[in-house]
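Single-structure report; data block below.
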Amino acid sequence: MKYFTPEELKITHREEISSQLSTLAGKNVKHNFAIWIFKKYAEKLGWNKNIKILDLGTANGDFLIQLNQTGYQNLYAHDIDAYLSEERKILTKEYKFSELSMERLPWPDNYFDAITAWCVIPHLENPFFCAREARRVLKPGGVFIFTTLHLTSKPSLQYFLKNKDFKSYRETNNHISLLPNSVVKKTILKDFELAGVEYFVNPKVFNNWQGKIRKIIWNLCHLHPDIENWLKNRWAYNICYIAKKI
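In full-length UniProt numbering, the protein residues as written are 1 to 246.
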């Protein structure tokens with residue numbers, strides 16, 4: 001999907017965008033990485049099923065479905081415009097709209113226990129404002145779970161050395177905010193405590209004959225967490241940060 005300004009998303013190209021986003025799920029959600037992360041940290045942090053959860057950039061609402069199927073009922077959704085079907089809207093307590101780069105989230109301070117942003121932050125013109133707003137509406141001790149593109153994975157670096165550009169930011173897509181780990185740490189995570197870092201490995205790395213070898217190595221490494229984490233860092237498409245409000 002190519003880049004559109006907020007005005008184009010909401011006005012001049014609204015119908016075109018709506019037809020795409022109403023059926024779109026990001027890789028993290030589509031491959032069940034998002035719900036796996038949420039369940040892992042829900043158990044780790046001792047959450048019950050009554051916590052208030054806000055999903056930013058919810059698009060077609062596939063993650064809401066996954067949360068609902070896991071037993072969560074206090075679900076809130078947000079996007080720049082209405083992309084949820086009527087059937088999926090009823091899963092939410094509230095479904096509201098604003099432009100994450102420049103408009104305040106339409107909820108009061110200290111309101112949510114958890115906020116998720118799957119495949120959202122790199123699309124924003126001002127991701128730092130969004131992070132500050134997420135922190136504002138989180139309760140003390142609440143958690144912001146978000147993903148960024150993994151710029152220093154082996155595939156990313158190989159592409160950069162060959163093309164002098166990042167594949168994840170090529171002209172044909174809508175990733176616009178370049179966020180290496182050091183920038184995330186000194187800006188978005190500035191007023192959070194880092195509770196965890198996880199890596200999403202796109203199943204595409206297991207394609208072709210080289211991928212089949214990777215898959216064999218990957219399956220063997222589950223018994224060796226340190227090696228598994230090293231491989232995740234090497235091959236991952238996304239980094240997932242789990243940030244706790246302090």
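For glycine and all other residues, C-beta sits at the position ideal for the given N, C-alpha and C.
Quick caveat: nothing in here was measured; it's all calculated off a predicted structure.
Grab the span of the beta strand (DSSP E) containing threonine 148 for me, first residue to last.
That run of the beta strand (DSSP E) goes 138-149.
Cβ atoms of leucine 56 and leucine 67: under 8 Å apart, would you say?
Going by C-beta atoms, leucine 67 is not nearer than 8 Å to leucine 56.
May I have the straight-line CA-CA distance separating histidine 222 from glutamate 198, to the nearest angstrom?
Roughly 15 Å between the two C-alpha positions.
Proline 155 to phenylalanine 63 span [Cα, whole Å]
About 27 Å.
First and last residue of the beta strand (DSSP E) that includes aspartate 113?
Taken as a continuous stretch (DSSP letters only), the beta strand (DSSP E) holding aspartate 113 covers 112-117.
Other residues of its chain near tyrosine 169: CB distance less than 7 Å, five sequence neighbours each side excluded:
Within the same chain, tyrosine 169 has close Cβ partners His175, Leu178.
Can the beta-carbon of phenylalanine 200 be found closer than 8 Å to that of lysine 27?
Going by C-beta atoms, phenylalanine 200 is nearer than 8 Å to lysine 27.
Quick one, are the C-beta atoms of serine 98 and glutamate 125 less than 8 Å apart?
No, Cβ-Cβ distance for serine 98 and glutamate 125 is not below 8 Å.
Rounded separation between histidine 13 and lysine 204 - CA only:
Distance between the alpha carbons of histidine 13 and lysine 204 is about 31 Å.
Is the region 102-115 close to the region 207-222, with three or more CB pairs under 8 Å?
Result no; under three Cβ-Cβ pairs closer than 8 Å.
Looking only at DSSP bridge pairs, what is valine 197 linked to?
Answer is Tyr241, bridged to valine 197.
Measuring from the CB of asparagine 32, is there a heavy atom of the ligand NAP at a distance below 7 Å?
The model on display carries no ligand, and the ligand NAP is accordingly not part of it.
Check whether the region 138-152 touches the region 77-87, taking contact to mean three or more Cβ pairs, one atom from each stretch, closer than 8 Å.
Contact between the region 138-152 and the region 77-87 is absent: fewer than 3 CB-CB pairs across the two stretches fall below 8 Å.
With DSSP as the reference, label tyrosine 95 as helix, strand or coil.
DSSP places tyrosine 95 in strand when its eight states are reduced to three.
Locate the alpha helix (DSSP H) running through aspartate 226, then write down its first and last residues.
If you look at aspartate 226, you'll find it in the alpha helix (DSSP H) that goes 225-235.
Mind pulling the alpha helix (DSSP H) runs of 4 or more residues that sit fully within the region 154-180?
Segments of the alpha helix (DSSP H) lying fully in the region 154-180: 154-163.
Looking at the structure shown, is alanine 59 part of a helix, part of a strand, or coil, going by DSSP?
If DSSP states are grouped into helix, strand and coil, alanine 59 belongs with coil.
With DSSP run on the structure shown, which of helix, strand or coil describes aspartate 77?
Just to set this straight, residue 77 is alanine in the shown sequence, not aspartate. Note: alanine 77 maps to strand in three-state DSSP.
Verify whether the separation of the beta carbon atoms of lysine 49 and tyrosine 72 is less than 8 Å.
In contact: lysine 49 and tyrosine 72 (Cβ atoms closer than 8 Å).
Measure how close the beta-carbons of leucine 24 and alanine 59 come, nearest whole angstrom, since I'm counting them as under 8 Å.
Rounded, the Cβ-Cβ distance is 5 Å, consistent with contact.
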